[in-house]
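**Q**
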Amino acid sequence: MTNRKILYIGNKLSNHGSTITVMETLGSLLSSEGYTVYYASSHKNIFFRFLDMIFATIYHSKSGDYVVIDTYSTLNFWYAFFVSQTCRLFKLKYIPFLHGGNLPNRIDKNPFICNLIFNNAYRIVAPSKYLYNAFKDKYSNGLISIPNSIEIENYPFYIREMKVPKLLWVRSFSPIYNPKMAIQVLLELQKSYPDAQLTMVGPDIKNYRNECELFAKEHNVNVNFTGALSKSEWISLSKTHNIFINTSNFDNMPVSVIEAMALGLPIISTNVGGIPFLISDQKEGVLVQENDYIEMNLAIKKLFLNQDFTITLITNARKKVESYDWQIIKLQWLEMLM
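Its first residue numbered 1, the sequence shown is counted upward by one per residue in the working numbering.
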């Protein structure tokens with residue numbers, strides 16, 4: 001056991017209806033290994049959340065051993081910048097944990113800012129080969145690859161009945177995850193399978209779910225919008241579905257996709273960002289072009305027409321994500337945080 005202390009910086013907003021993030025799951029797992037983990041921040045207001053992150057960094061500057069910073073590519077990129085520079089000021093070891101699927105573009109857009117963050121980091125953790133490859137030429141010093149992890153024992157593997165398509169989509173309602181494409185897929189699929197269903201699970205971002213509900217109503221397609229669910233709730237819900245679709249425009253190594261692979265749900269995803277590093281096309285899932293609902297519809301039909309192929313996909317996918325079990329991945333975290 002260890003007595004080391006970690007300050008984890010990120011969006012801890014599940015109490016406000018948002019999806020549980022890697023921050024909460026990884027933090028809990030590190031706590032189970034004996035680390036003392038502090039968090040910032042759970043404030044809903046982005047300004048107060050930012051202030052809490054800065055004050056927490058200063059407060060723990062004398063007692064903390066490491067600061068782990070969830071690092072995204074859009075607006076939240078800036079809290080990673082300011083927290084990292086606060087860490088430099090107080091001589092704290094900080095570790096950017098890369099999540100943003102569009103971070104490679106951020107490097108090109110803001111090279112000076114990125115250099116300030118990443119050239120001075122104690123370590124840089126890339127959870128996907130996609131981001132590792134994007135960073136290795138410019139920030140190889142301290143860069144390591146540690147995949148997102150799950151506790152595999154919590155994900156029962158099922159071979160599902162493939163008679164009527166029952167699609168499951170699990171992400172936040174945000175344009176970058178392109179939820180409207182999922183609705184378009186269902187609309188097209190119902191031309192061949194009139195009883196096809198779609199369930200969409202996830203929290204609303206800036207009222208975008210309402211826009212999606214209106215889009216479904218305008219096209220006269222019935223979609224089950226559940227809102228945000230706990231991990232156990234959506235895992236239970238997954239038992240009544242037989243296809244998992246991921247429609248993102250940008251992506252890294254989404255835990256929801258890893259979880260679906262573990263559960264035995266055949267995966268059809270857009271071929272963006274880190275997805276092809278996670279899923280080998282035609283081996284562990286089916287990849288289609290970004291925003292191409294026609295191609296995704298054809299891929300779904302293929303899974304129903306060739307069920308031996310489908311069983312091969314889900315078997316290979318489960319085998320792959322078993323290597324992401326926390327009992328394996330934790331060794332890399334423990335070695336880094338010695």
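Backbone N, C-alpha and C define an ideal beta-carbon position, used for all residues, glycine too.
Count the C-beta pairs between the stretch 249-257 and the stretch 277-285 that are closer than 8 Å, then say yes if the count reaches three, no if not.
**A** yes
**Q** Let me make sure I understand the geometry here. Which of 329, 188 and 175 has the alpha-carbon closest to that of residue 204?
**A** Translated into the one-based positions of the sequence shown, residue 204 becomes position 204. The candidate whose alpha carbon is nearest that of residue 204 is 175.
**Q** Keeping to the same chain, check which residues put their C-beta closer than 7 Å to that of residue 177; ignore five residues upstream and five downstream.
**A** As a working note, residue 177 is residue 177 in the sequence shown. So the list reads 171, 247 and 248, once near-sequence residues are dropped.
**Q** Tell me the DSSP bridge mates of residue 200?
**A** To locate residue 200, count along the sequence shown from 1; it is residue 200. Residue 200 pairs with 169 and 225.
**Q** Quick one: grab the DSSP three-state call for residue 18.
**A** Counted from its first residue, the sequence shown places residue 18 at position 18. Looking at residue 18 - three-state DSSP - the assignment turns out to be coil, as it is neither helix nor strand.
**Q** Quick one: what does DSSP say residue 5 is sitting in, helix, strand or coil?
**A** Taking the first residue of the sequence shown as position 1, residue 5 is located at position 5. Strand.
**Q** Counting only runs that start and end within the stretch 39-109, where is the beta strand (DSSP E) found for 3 or more residues in a row?
**A** Secondary structure remark: continuous beta strand (DSSP E) runs of at least 3 residues inside the stretch 39-109, in chain order: 66-71 and 94-98.
**Q** Tell me, please, whether the stretch 136-152 touches the stretch 231-243 by the rule of three or more beta-carbon pairs shorter than 8 Å.
**A** Contact annotation: the stretch 136-152 does not touch the stretch 231-243, with fewer than three C-beta pairs closer than 8 Å.
**Q** Please confirm whether residue 288 has its beta-carbon closer than 8 Å to some beta-carbon of chain C.
**A** The chain inventory of the structure shown lacks chain C, comprising one protein chain alone.
**Q** Can you name, in chain order, every residue of its own chain whose Cβ lies under 6 Å from the Cβ of residue 107, other than the five neighbours on each side?
**A** Sequence index remark: in the sequence shown, residue 107 carries index 107 (1-based). Within the same chain, 114 come within 6 Å of residue 107 by CB-CB distance, once the 5 residues on both sides are set aside.
**Q** Below 8 Å on the Cβ atoms is my guess for residue 274 versus residue 63; work out the distance and round it to an integer in Å.
**A** Position 274 of the sequence shown holds residue 274. Position 63 of the sequence shown holds residue 63. Rounded, the Cβ-Cβ distance is 35 Å, inconsistent with contact.
**Q** Using DSSP bridges, identify the partner residues of residue 145.
**A** For the purposes of this step, residue 145 is taken as residue 145 along the sequence shown, with counting starting at 1. Bridge pairing for residue 145: 126 [DSSP].
**Q** Comparing alpha-carbon positions, which option in 235, 228, 168 and 280 lies nearest residue 263?
**A** Along the sequence shown, read from residue 1 onward, the residue named residue 263 stands at position 263. When only C-alpha atoms are compared, the closest one is 235.
**Q** By DSSP, does residue 273 sit in helix, in strand, or in coil?
**A** Start at 1 with the first residue of the sequence shown, and residue 273 comes out as number 273. Looking at residue 273 - three-state DSSP - the assignment turns out to be coil, as it is neither helix nor strand.
**Q** Mapping DSSP to helix, strand and coil, what is residue 244?
**A** Your numbering for residue 244 matches position 244 in the sequence shown. Per DSSP, reduced to three states, the secondary structure at residue 244 is strand.
**Q** Shortest alpha-carbon distance to residue 29 belongs to which of 330, 336, 20 and 335?
**A** Residue numbering aside, residue 29 sits at position 29 when the sequence shown is read from its first letter. Comparing Cα-Cα distances from residue 29 to each of 330, 336, 20 and 335, the minimum goes to 330.
**Q** In chain order, what residues of the same chain have a beta carbon less than 6 Å from the beta carbon of residue 27, not counting five sequence neighbours either side?
**A** Start at 1 with the first residue of the sequence shown, and residue 27 comes out as number 27. Excluding residues within five positions, the ones whose Cβ falls inside 6 Å are 8 and 37.
**Q** If you drop the 5 nearest sequence neighbours on each side, which residues of the same chain put their C-beta closer than 8 Å to that of residue 31?
**A** Taking the first residue of the sequence shown as 1, we reach residue 31 at position 31. The answer, listed in chain order, is 37.
**Q** Rounded to whole angstroms, what's the CA-CA distance from residue 83 to residue 48? Just pull it up for me.
**A** As a working mapping, residue 83 is identified with position 83 in the sequence shown. As a working mapping, residue 48 is identified with position 48 in the sequence shown. Rounded to the nearest angstrom, the two C-alpha atoms are 14 Å apart.
**Q** Enumerate in chain order the residues of its own chain whose CB-to-CB distance from residue 117 is below 7 Å, with the five nearest sequence positions on each side excluded.
**A** Residue numbering aside, residue 117 sits at position 117 when the sequence shown is read from its first letter. Same-chain partners within the cutoff: 80, 81, 84 and 96.
**Q** Using 8 Å as the threshold, is the stretch 289-297 in touch with the stretch 178-185, meaning 3 or more CB pairs across them?
**A** Contact holds: three or more Cβ-Cβ distances are below 8 Å.
**Q** Sort 11, 318 and 144 by Cα distance to residue 335 and report the nearest one.
**A** Position 335 of the sequence shown holds residue 335. When each option's Cα is compared against that of residue 335, the closest is 144.
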